[in-house]
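See structure below.
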(Lines of atoms letter the chains of each structure in order from A; the text may use other names.)
(Lines give C-alpha, C1' and ligand atoms only; values in the text may rest on other atoms or scores of the structure.)
Protein backbone atom coordinates (compact mmCIF):
# COMPACT_ATOMS: atom_id res chain seq x y z
CA UNK A 70 0.00 0.00 0.00
CA UNK A 71 2.83 2.41 0.82
CA UNK A 72 4.62 1.69 -2.46
CA UNK A 73 1.49 2.40 -4.48
CA UNK A 74 0.94 5.73 -2.75
CA UNK A 75 4.54 6.81 -3.22
CA UNK A 76 4.22 6.17 -6.94
CA UNK A 77 1.22 8.51 -7.06
CA UNK A 78 3.27 11.29 -5.49
CA UNK A 79 6.15 11.06 -7.96
CA UNK A 80 5.56 8.65 -10.84
CA UNK A 81 8.61 7.10 -12.47
CA UNK A 82 9.29 4.31 -14.91
CA UNK A 83 11.62 2.44 -12.55
CA UNK A 84 9.49 2.57 -9.42
CA UNK A 85 6.63 0.21 -10.43
CA UNK A 86 8.97 -2.64 -11.30
CA UNK A 87 11.07 -2.15 -8.17
CA UNK A 88 7.97 -1.99 -5.99
CA UNK A 89 6.51 -5.06 -7.65
CA UNK A 90 9.68 -7.01 -6.90
CA UNK A 91 9.27 -6.18 -3.21
CA UNK A 92 5.54 -6.90 -3.19
CA UNK A 93 6.04 -10.26 -4.86
CA UNK A 94 8.08 -11.42 -1.86
CA UNK A 95 5.26 -10.72 0.59
CA UNK A 96 3.85 -13.89 2.08
CA UNK A 97 6.72 -16.05 0.90
CA UNK A 98 8.06 -18.46 3.47
CA UNK A 99 11.66 -17.78 4.38
CA UNK A 100 13.75 -20.90 4.83
CA UNK A 101 15.04 -21.28 8.36
CA UNK A 102 18.77 -21.15 8.90
CA UNK A 103 20.34 -24.58 9.12
CA UNK A 104 22.83 -23.55 11.79
CA UNK A 105 21.31 -22.40 15.08
CA UNK A 106 23.19 -21.22 18.14
CA UNK A 107 21.57 -21.51 21.55
CA UNK A 108 22.06 -18.35 23.64
CA UNK A 109 24.73 -18.98 26.24
CA UNK A 110 26.71 -17.22 28.93
CA UNK A 111 30.08 -15.57 28.46
CA UNK A 112 33.14 -17.64 29.33
CA UNK A 113 33.88 -17.25 33.01
CA UNK A 114 30.42 -15.94 33.89
CA UNK A 115 29.27 -17.28 37.29
CA UNK A 116 25.84 -17.95 35.76
CA UNK A 117 27.42 -20.93 33.96
CA UNK A 118 27.40 -22.70 37.30
CA UNK A 119 24.80 -20.83 39.35
CA UNK A 120 21.92 -21.70 36.99
CA UNK A 121 22.48 -25.44 37.30
CA UNK A 122 20.04 -27.22 39.59
CA UNK A 123 19.85 -30.73 41.05
CA UNK A 124 18.24 -33.47 39.00
CA UNK A 125 14.50 -33.60 39.55
CA UNK A 126 14.21 -29.91 40.40
CA UNK A 127 12.80 -26.95 38.52
CA UNK A 128 13.90 -23.34 38.43
CA UNK A 129 12.49 -20.09 37.15
CA UNK A 130 14.32 -17.43 35.20
CA UNK A 131 13.94 -13.69 35.50
CA UNK A 132 15.18 -10.42 34.10
CA UNK A 133 18.92 -10.59 33.57
CA UNK A 134 21.51 -12.67 31.78
CA UNK A 135 20.45 -15.75 33.74
CA UNK A 136 17.18 -15.64 31.78
CA UNK A 137 19.04 -17.43 28.99
CA UNK A 138 18.89 -20.58 31.13
CA UNK A 139 15.29 -20.92 29.92
CA UNK A 140 16.69 -21.74 26.46
CA UNK A 141 19.02 -24.44 27.79
CA UNK A 142 17.26 -27.82 28.06
CA UNK A 143 19.66 -29.14 30.70
CA UNK A 144 18.80 -26.31 33.13
CA UNK A 145 15.08 -27.23 33.44
CA UNK A 146 14.26 -23.54 33.85
CA UNK A 147 10.87 -21.94 33.27
CA UNK A 148 10.57 -18.74 31.18
CA UNK A 149 11.20 -15.31 32.59
CA UNK A 150 8.92 -13.10 34.65
CA UNK A 151 8.73 -9.34 34.72
CA UNK A 152 11.44 -7.47 36.60
CA UNK A 153 10.60 -7.58 40.28
CA UNK A 154 8.25 -10.53 39.89
CA UNK A 155 10.88 -13.25 40.13
CA UNK A 156 9.44 -16.12 42.16
CA UNK A 157 6.03 -14.55 42.71
CA UNK A 158 4.44 -16.80 40.08
CA UNK A 159 5.20 -19.77 42.35
CA UNK A 160 2.62 -18.41 44.79
CA UNK A 161 -0.11 -19.21 42.29
CA UNK A 162 1.46 -22.37 40.87
CA UNK A 163 2.51 -24.20 44.02
CA UNK A 164 -0.97 -25.27 45.22
CA UNK A 165 -1.77 -26.93 41.89
CA UNK A 166 1.37 -28.92 41.05
CA UNK A 167 3.03 -31.99 42.49
CA UNK A 168 6.45 -30.32 42.62
CA UNK A 169 6.98 -29.30 46.28
CA UNK A 170 9.77 -26.77 45.71
CA UNK A 171 11.21 -24.36 43.16
CA UNK A 172 14.51 -22.52 42.71
CA UNK A 173 14.43 -18.88 41.63
CA UNK A 174 17.45 -17.26 40.00
CA UNK A 175 17.89 -13.54 40.51
CA UNK A 176 20.82 -11.15 40.11
CA UNK A 177 21.79 -8.50 42.61
CA UNK A 178 20.88 -5.76 40.12
CA UNK A 179 17.26 -6.92 40.00
CA UNK A 180 17.27 -7.70 43.71
CA UNK A 181 18.20 -4.13 44.62
CA UNK A 182 15.85 -2.71 41.99
CA UNK A 183 12.63 -4.51 42.95
CA UNK A 184 13.28 -8.23 43.40
CA UNK A 185 13.04 -8.08 47.18
CA UNK A 186 9.32 -7.38 46.83
CA UNK A 187 8.68 -10.78 45.23
CA UNK A 188 10.75 -12.50 47.90
CA UNK A 189 8.71 -10.71 50.54
CA UNK A 190 5.50 -11.89 48.87
CA UNK A 191 6.71 -15.51 48.82
CA UNK A 192 7.51 -15.35 52.52
CA UNK A 193 4.06 -13.93 53.25
CA UNK A 194 2.45 -16.68 51.15
CA UNK A 195 4.56 -19.33 52.93
CA UNK A 196 5.58 -21.08 49.70
CA UNK A 197 8.57 -23.43 49.52
CA UNK A 198 11.09 -21.65 47.31
CA UNK A 199 14.85 -21.09 47.29
CA UNK A 200 16.09 -17.75 45.98
CA UNK A 201 19.57 -17.95 44.46
CA UNK A 202 20.81 -14.35 44.56
CA UNK A 203 23.93 -13.87 42.46
CA UNK A 204 26.12 -11.13 43.91
CA UNK A 205 28.59 -9.94 41.28
CA UNK A 206 28.46 -6.22 41.97
CA UNK A 207 27.27 -5.22 38.51
CA UNK A 208 24.24 -4.95 36.27
CA UNK A 209 25.72 -7.37 33.75
CA UNK A 210 22.85 -7.46 31.25
CA UNK A 211 23.27 -3.81 30.29
CA UNK A 212 27.04 -3.49 30.27
CA UNK A 213 28.33 -4.15 33.76
CA UNK A 214 27.38 -0.92 35.49
CA UNK A 215 28.10 -0.90 39.23
CA UNK A 216 25.16 -1.09 41.60
CA UNK A 217 24.92 1.97 43.79
CA UNK A 218 26.15 1.19 47.28
CA UNK A 219 27.60 -2.20 46.39
CA UNK A 220 31.26 -3.17 46.57
CA UNK A 221 32.58 -5.40 43.77
CA UNK A 222 34.30 -7.60 46.36
CA UNK A 223 30.97 -8.57 47.88
CA UNK A 224 32.31 -8.12 51.40
CA UNK A 225 29.80 -5.37 52.17
CA UNK A 226 26.78 -6.52 50.21
CA UNK A 227 26.69 -10.20 51.20
CA UNK A 228 26.02 -9.59 54.92
CA UNK A 229 23.59 -6.80 54.07
CA UNK A 230 21.55 -9.00 51.72
CA UNK A 231 21.65 -11.93 54.15
CA UNK A 232 20.44 -9.71 56.98
CA UNK A 233 17.75 -8.21 54.81
CA UNK A 234 16.24 -11.51 53.67
CA UNK A 235 16.50 -12.80 57.24
CA UNK A 236 14.52 -9.80 58.43
CA UNK A 237 11.93 -10.52 55.75
CA UNK A 238 11.47 -14.03 57.12
CA UNK A 239 13.82 -16.29 55.13
CA UNK A 240 14.26 -19.44 57.20
CA UNK A 241 17.54 -20.79 55.83
CA UNK A 242 20.46 -18.78 54.43
CA UNK A 243 23.57 -20.20 52.76
CA UNK A 244 26.46 -18.23 51.28
CA UNK A 245 28.19 -19.99 48.37
CA UNK A 246 31.43 -18.47 47.10
CA UNK A 247 34.68 -19.34 45.36
CA UNK A 248 36.51 -18.18 48.50
CA UNK A 249 34.68 -18.93 51.76
CA UNK A 250 37.60 -17.50 53.74
CA UNK A 251 36.71 -14.10 52.31
CA UNK A 252 34.09 -13.81 55.03
CA UNK A 253 36.15 -15.33 57.84
CA UNK A 254 36.62 -11.95 59.49
CA UNK A 255 33.04 -10.71 59.38
CA UNK A 256 30.80 -13.71 59.85
CA UNK A 257 29.32 -12.12 62.94
CA UNK A 258 27.67 -9.63 60.57
CA UNK A 259 25.57 -12.42 59.06
CA UNK A 260 22.30 -13.67 60.59
CA UNK A 261 22.46 -16.56 63.06
CA UNK A 262 22.49 -19.94 61.35
CA UNK A 263 24.03 -18.70 58.10
CA UNK A 264 26.29 -21.37 56.58
CA UNK A 265 29.26 -20.82 54.26
CA UNK A 266 30.23 -23.12 51.39
CA UNK A 267 32.63 -23.35 48.47
CA UNK A 268 30.91 -23.10 45.11
CA UNK A 269 32.16 -26.60 44.26
CA UNK A 270 29.55 -27.77 46.78
CA UNK A 271 26.69 -25.88 45.12
CA UNK A 272 24.82 -29.03 44.11
CA UNK A 273 24.94 -30.43 47.64
CA UNK A 274 23.83 -27.11 49.10
CA UNK A 275 20.92 -26.89 46.69
CA UNK A 276 19.80 -30.41 47.53
CA UNK A 277 19.90 -29.58 51.22
CA UNK A 278 17.90 -26.39 50.70
CA UNK A 279 15.40 -28.14 48.44
CA UNK A 280 14.67 -30.76 51.09
CA UNK A 281 14.90 -28.40 54.08
CA UNK A 282 11.69 -27.97 56.07
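Numbering (my numbering), first residue to last: 70 to 282.
Quick reminder that beta carbons are idealized off the backbone N, C-alpha and C, glycines included.
Look at the alpha carbon of residue i and the alpha carbon of residue j, and state the distance between them as a whole number of angstroms.
i	j	result
residue 184	residue 158	13 Å
residue 316	residue 245	Here the chain has residues from 70 to 282 only, and residue 316 is not among them.
residue 128	residue 117	14 Å
residue 227	residue 162	30 Å
residue 86	residue 78	16 Å
residue 170	residue 237	19 Å
residue 295	residue 156	Because the chain in this structure spans residues 70 to 282, residue 295 falls outside the shown range and cannot be described.
residue 105	residue 197	37 Å
residue 230	residue 178	12 Å
residue 180	residue 192	15 Å
residue 272	residue 138	17 Å
residue 278	residue 235	15 Å
residue 253	residue 151	36 Å
residue 251	residue 149	32 Å
residue 166	residue 125	14 Å
residue 111	residue 255	31 Å
residue 90	residue 74	16 Å
residue 103	residue 140	18 Å
residue 257	residue 168	36 Å
residue 266	residue 186	27 Å
Let me make sure I understand the geometry here. Which of the options has the alpha-carbon closest to that of residue i?
i	options	result
residue 270	74, 123, 89 and 107	123
residue 174	162, 147, 164 and 168	147
residue 239	263, 167 and 86	263
residue 199	282, 214 and 248	282
residue 154	168, 137, 165 and 176	176
residue 113	205, 197 and 187	205
residue 130	167, 201 and 166	201
residue 115	235, 133, 280 and 125	133
residue 164	194, 149 and 186	194
residue 280	140, 249, 258 and 172	172
residue 107	257, 186 and 136	136
residue 188	233, 168 and 126	233
Which of the three DSSP states, helix, strand or coil, is assigned to residue i?
i	result
residue 123	coil
residue 184	helix
residue 215	strand
residue 266	strand
residue 172	strand
residue 107	coil
residue 166	coil
residue 149	coil
residue 128	strand
Write down the C-beta distance between residue i and residue j rounded to the nearest angstrom, noting that I regard them as a contact closer than 8 Å.
i	j	result
residue 260	residue 242	6 Å
residue 160	residue 190	6 Å
residue 276	residue 247	20 Å between Cβ atoms; not a contact.
Taking 8 Å as the threshold (beta carbon to beta carbon), is residue i in contact with chain B?
i	result
residue 108	Structure shown: chain B not included; a single protein chain is present.
Query raised in the report: Any contact of the region 137-147 with the region 111-127, i.e. 3+ C-beta pairs under 8 Å?
Result: Contact between the region 137-147 and the region 111-127 is present: 3 or more CB-CB pairs across the two stretches fall below 8 Å.
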